[in-house]
Every structure is written in structure tokens, then in C-alpha cells.
Amino acid sequence: MTQIVTRQGFARETWPEAGVIVTFESLWNGQDLPIERPIGVRLAPDSNAADLEPWFDTMAMVIVPFGKSADGRGFSLARQLRQLGYAGIIRAEGHVLVDQFRAALRVGIDQVAISDEQAARNPEDQWLAVPHFDGYQSRLFAAE
Amino acid sequence: MYSYTNFDAAFVRDRVKEFRSQVERRLDGSLTEDEFKPLRLMNGLYLQLHAYMLRVAVPYGTLNSRQMRQLAHIADTWDKGYGHFTTRQNIQFNWPKLKDVPDILDALADVGMHAIQTSGNCIRNVTADHFAGAAADEIEDPRPTAELIRQWSTDHPEFAYLPRKFKVGVTGSPNDRAVTKAHDIGLRMVRGEAGEPGYEVIVGGGLGRTPMIGKVVRDFLPKRDLLAYLEAILQVYNLSGRRDNKYKARIKILVHETGIDELRARIEETFRRNRRLLPDVDPAIVARIEAAFAAPAWADRPVPDAPRLDAGLASFIDTNVVAHKRPDHAIVSVSLKPTGGTPGDATSAQMRVLADLAERYSHDELRISHEQNVILPHVHRADLPAVYAALREAGLATANIGLVGDIIACPGMDYCALATARSIPIAQQISEMFADLDAQRDIGPLKIKISGCINACGHHHVGHIGILGLDRAGVENYQLTLGGDGTETATIGTRTGHGFAYDEIVPAVGRLIGAYLDARETPEETFLETYRRLGMDPFKAALYGQEEQADAA
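This is the structure:
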């Protein structure tokens, strides 16, 4: 089981039970989309965000994998999705450190899904204690 | 000079506060060393052989007198009365106690300084030409560019967990004093077709285990596109740089394995796509930064013509003083390489002298060079005798800039946990062998660079003579490279052959220099020119000749 974390703290799963999550591979290989809605897609760590562009309007959620905590590809993947204009939910899934939470939200991630084991080690108060002050980048790129 | 905005000040203060609480948790045991390690590294705190080491950022090597005095104060209050200036224009304190580090960081914040981004797989403290704003050959002062990069790269949410560390260097002159071709990204200011300033963008340079000279990824980048282009390079690197092997994770390996043409195509595509979406940098911020680096109000005083100089001052001017963009001013380099000393070390008393001199004679500006010296960038020529006298009294007037005694050396096995050999004693012995400064002047320009391990912090690959200390079955062994060059004609040095033991390496360097003196065509031909003309052979003969004869016998 996983625990969803948002800026407001621990949250219940909001993805409807009727929804489906497909893999990026199945999209790329041209498999028919399921009839169920909403649809989300789970990317691989080495996915290319631009490849997903044709499905941006169909995908209510994109799941970006976070492997080891030192692997920062997820930050670029999420930011690229936003730069390309994806407007749905971006969920980071896997090993996101409390210390990475502020950066995750700043690149456009909406929610983080951590393991129950990590949730026990990093209880809600640690996530709520993260300060979400503005960074240099939001000043430099005034309109961002 | 740039001074902190309220935003800068609050940001740095918040980081200190955060680290203070982390240190408290470490000291009361609620954080393990494993958990604490990445947090302390984000604040420049390393664990070395004997103690913690705090690496303080000196962005683009620029300091004012107040900041230099504060470094002296820190050295006296929380360290052993000295500091060590590094090849990345930073300063390291070698003996801080963990419990004191938050106070040191607060003291730094008091003068607009910090230790952020001096470690870890992030965009590191940006370096620049140490003659910036003063050099006669400059297209434009590179520091507004460097300051913009400092702000952009600080706490960047996307690029804090890169495959490996990432270094950016900037020069505003065609003569590259910032070794831009040995950086992950090097920026060289050039002029476009209409004469407007922009950048040549170089990518994938680096020393370390796999030395590589950077390649040009863009001939001309307009200034306004700088951050968008850097974002594109970093995004491509973050997504496709290798993460399976830390020794292959730098961008130079990506450039090498992908090929510069393919990588350029990816970077340019990312740049085109993102530029549409990334707003321009706020022009008010750019204007404020540029104004902060406006030239000082120059003193219009006469230069005494043909003054009679004593011999010491004359040779000091000859070696340590170079032309300023204003003919009535000069750039004074202060050597931190006294004979037999540790390259780059300065005592707190010397820091205070340098601060006083900067305040009185150099428009309150100091620079740290990547060659581990300190620069007074704006000295009126009429003040040179007074500056020299004060330096001499402080033991800072060694007239050896660019000469054989002006050696770059990493801390080596005396301090560093990674080192495989000693560096500092080799540098000390070489400088003692050539203690006679007249002999040094006769030898002429010669850059000796020493690294105590394969990570090459002493830049040995780009030394005219490079020395690399290794560990061969528990015994120190030193390899030599010749012909390296860190300037606009950047070249990686070539290995001479087998290495030398600790007690053999200094005499071997002596033989190399002897061979050069024998072989040069005129006294003006430098070591590097002689090497380029004749190649390795005469130097190999000087190094290994006797052995060959012994083998033949």
C-alpha cells in the first residue's frame, strides 16, 4: 500500500477505483486504450516526456517514478511535462525524501506516493514542516 | 560589487537556521552520520582525514575587505588562525568543530557569504576570470553573467540531484584565465556579427580520471538566451547522463559517448522547445546585477614618470603586476606561494593586511584566483611602492607569479581522505630548490601543478609540468606529464613514462628544467614553447637517460 502526500499533508487516495493506469510502453506500442475513464499512465525512469504529448488530453494523471533518492531524473521529467503543457495531475511515486518535497512541488508535481514503510518512518508532521518558500527561479523568470 | 538583496540575505539565513537544527539533532544522536552526511554536504561540510573541513564559497572569486576580515575572524575564532584558498576560488577551513559550524555559517551570512553548493551533485559555485573588470583584453566583465548564474543555480529544484557535480566557468576575455575548457560548461564572451556581446558555449571539459578538453556546442549565444540554454544543457544531462557508474557520470562522458553533434541536436531541440515556454529573465534583476558591477570611480591622479625603483620593487612589478584596462592603474597579484610554504594558505594576519590594502588602494576589491593567489585588481600605479612595502612586511611580496615557485597543489594526503600521496611537501621542496628568485625569473613562465590523487584537484593535466601522486602497493609514486595548458589553447599533458618515488620526484623536476635551459633557443623561449618545438625526447632523456644506459650496459 502507498500513502499519498500533498502540500496539505497525508491524503486519501483520490484516484477513482474505476480508473485505470496503463504503462507508457503499452501506449507507445499502439495498444488500444481501455474504455474506462479516467486513464492515467505510469512512465519509466528513462521515458521521454515529449513522446507522451499526443496523449496529454487523455491522461488525467501521469505517474513519474522516483527510484533511488540520488536519482534526480524525475524532477526533469515532471518539469518537462509542464513545459510541454501537460495540465493534469503529476504524481511522484517511489522514494521521495522529505528533503526533496519542496523541490518536487516546485517542478510541478502535485502529489507524492510513498510506501507505508516510509510513511511510518517519515510521519505526516515531517512533511507538513517542510517550508514552501519561493526560490530564486520564480524571481528570475518573473512570469513563471 | 554585488551586495545581497533582502531576498539573498533571508535565503542564506534560513539555510543556516535549518542546518543549526540538523547539527543539534546530529549532536543529540537523533540523526545518524549516514542521515546527516548528505545534509552537511549541502552546507559545504566535509569529513576529512583528521577533522571536519568547511568549504566556503567565494562566488566568481570576488571578495570585499569586510568579507576578507570576516574570514580572518573565522580563522581566529573557530579554526587554527589560517585558511586555504583552493583551485575553485573557494576558501577551506581545515579544523572546525561540528558544534561551531552553525555559528561560522551565521558569521558568513553577516557578510553575505555562505557554504552552499560547494559539494554534492549539484551546480557548484560558479568561477570566473580573476582579472574580471580590470583586464585590458576584456570584451565585457564576466561577473554579471556569473552572478546571474549564481542566482539561477542556487536551490534550483530541477538540478539538485544530477548524475554528478557540475561546474560552470566564465571568462570575458579572449585570453582564457578561467580554464573554461576544463569545466562542465565553459562560457567565453565573444562578439556577434553586429558587435553585440554573447557567449561561445563549451561543454564537456573536465580533468579528474578522464581528462577532456571541452567542445564547442554553440558558437554564439545571445546574452538574453543564456539561462534558457543552460537549462536545456542541464535538462539533457540530468535525463541522459550516466548514473550507473560515478566515474562515468560527468557530462564529459555523455559528450564523449554520444558525440557532440548528436548531443548538440538534443540540446538545441530542448532549448527551442523550452524557450517558448520559459519567460525571459526579469530585466530589472539583470539591470540591478549589471549596475552592481559598474566600474569604480577611478582616481585621476598623475603617475610618477620613470620613478627610481629599488631592485625588490622592480622585480615585484616585473612578475606580479600586469596591465589594467586603464593605463594609470595596475593589477597586482599577491603570491600565496612563499618559498617552502603551503600553496594557497593565508594566515588571519595576512588576510587582514590584504583587506586593508584592498580598502585603501584597490576600491575595496579582492579576487581569489584558481591558481590559489589573491589579486588586488585596481591599484593606481602611483600606489605600487606603498602596496609593495606593506606586502613585504606581511611576508606577502614573493615575486614569483607564473614562475616555477607559483605551484598549484591540492591538499593531498596531509588533509584529504581521498588522496593517495602527499602534494604539499613536493611543492615545498620544488620551491626550495628554486629559492633564488633570480633563477626563477631566468627559467621564466612555468606552471607546475600537483595532484595527490587521480581526481586531479591540483589540475596536473593542464600544468606545463604536471605531477600526479599515486599509491603503488603502499608506496607513493609520482607520474609526470608535460605540455599541459589551461588557457585558450587548452591541452592535456602527455605522460613521460614510469613514475618516481617520493625522494626521486623533486630531482626529476630539476632535471626537466635543466634540460629546458639547455635546449631553449633564446632566453625568451618558454618551457612550453621549447616542449612544443622539440617534443618529449630531450625531456625523456633527462628523466630516464641514465637508466637507459644502465639497461644497455
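Those sequence lines, one after another, are chains A and E. All residue numbers in the first sequence are consecutive under the UniProt record's numbering, ending with 144. All residue numbers in the second sequence are consecutive under the UniProt record's numbering, ending with 553. Beta carbons: idealized from backbone N, C-alpha and C, even for Gly.
Around the C-beta of residue i, are 16 or more other C-beta atoms found within 10 angstroms, so that it is buried, or is it exposed?
i: D32/A; result: exposed
i: D155/E; result: buried
i: L230/E; result: buried
i: E476/E; result: buried
i: M1/A; result: exposed
i: K449/E; result: buried
i: K68/A; result: exposed
i: G108/A; result: buried
i: Q117/E; result: buried
i: L278/E; result: buried
i: Q126/A; result: exposed
i: L128/A; result: exposed
i: D345/E; result: buried
i: S173/E; result: buried
i: A75/E; result: buried
i: G135/A; result: buried
i: residue 559/E; result: Because chain E spans 1 through 553 in this model, residue 559/E falls outside it and cannot be assessed.
i: T14/A; result: exposed
i: G514/E; result: exposed
i: P65/A; result: buried
In the DSSP assignment, find the alpha helix (DSSP H) that holds residue i and state where it starts and stops.
i: V23/E; result: 6 to 27
i: N64/E; result: N64/E -> not in any alpha helix (DSSP H); beta strand (DSSP E) instead, spanning 62 to 64.
i: D318/E; result: 311 to 320
i: L49/E; result: Unbroken run through L49/E: none, as it is neither H nor E.
i: N125/E; result: That residue, N125/E, is in no alpha helix (DSSP H); it is neither H nor E in DSSP.
i: Y136/A; result: 136 to 140
i: Y229/E; result: 226 to 240
i: I424/E; result: 424 to 433
i: residue 554/E; result: Coverage of chain E is limited to positions 1 through 553, which leaves residue 554/E absent and any answer about it impossible.
i: G510/E; result: 502 to 519
i: V353/E; result: 348 to 361
i: P144/E; result: 143 to 153
i: F36/E; result: 33 to 41
Anyone know if the C-beta pair for residue i and residue j falls short of 9 Å?
i: L105/E; j: V16/E; result: yes
i: A115/E; j: L54/E; result: yes
i: A178/E; j: P211/E; result: no
i: L49/E; j: A456/E; result: no
i: V41/A; j: G74/A; result: no
i: R511/E; j: L543/E; result: yes
i: Y361/E; j: V374/E; result: no
i: P45/A; j: G19/A; result: no
i: L227/E; j: L148/E; result: yes
i: G469/E; j: I430/E; result: no
i: G402/E; j: E524/E; result: no
i: D225/E; j: F141/A; result: no
With a CB to CB cut of under 6 Å and the five nearest residues on each side skipped, what residues in its chain are close to residue i?
i: R250/E; result: R164, G206
i: Q111/A; result: I4, T6, R91
i: F93/E; result: L54, D79, G83
i: I89/A; result: M61, D110
i: I63/A; result: R42, R91, E93
i: R20/E; result: P102
In terms of residues, what are the limits of the beta strand (DSSP E) holding residue i?
i: G9/A; result: 9 to 11
i: K449/E; result: 448 to 451
i: S333/E; result: 329 to 334
i: V286/E; result: It is not in any beta strand (DSSP E) - V286/E instead sits in the alpha helix (DSSP H) that spans 283 to 292.
i: M189/E; result: 185 to 191
i: D100/E; result: Segment: none, D100/E is in no beta strand (DSSP E) and carries neither H nor E.
i: L482/E; result: 475 to 482
i: L207/E; result: Element bounds for L207/E: n/a, residue is neither H nor E.
i: P222/E; result: 215 to 222
i: Q117/E; result: First-last for Q117/E: undefined, no H or E at that position.
Looking only at its chain, what residues have a beta carbon closer than 7 Å to the beta carbon of residue i, apart from the 5 residues adjacent to it on each side?
i: G484/E; result: H461, V462, G463, H464, G466, T491, I492, G493
i: Y161/E; result: N121
i: A49/A; result: L77, Q80, L81, L84
i: R266/E; result: V236
i: D406/E; result: S335, K337, E371, N400
i: A134/E; result: H324, K325, I331, P377, H378
i: V98/A; result: N122, Q126, W127, V130
i: D518/E; result: none
Within its chain, find whatever has a CB closer than 8 Å to the CB of residue i; leave out the 5 residues flanking it on each side and keep chain order.
i: G198/E; result: M189, V190, R191, G192, F220, L221, P222, K223
i: N29/A; result: none
i: I202/E; result: T180, K181, H183, I185, G186, L187, R188, G214, K215, V216, V217
Could you name each continuous alpha helix (DSSP H) segment of 4 residues or more that falls completely within the segment 31 to 108 of chain A, going from the start of the chain to the end? 73 to 83, 101 to 106
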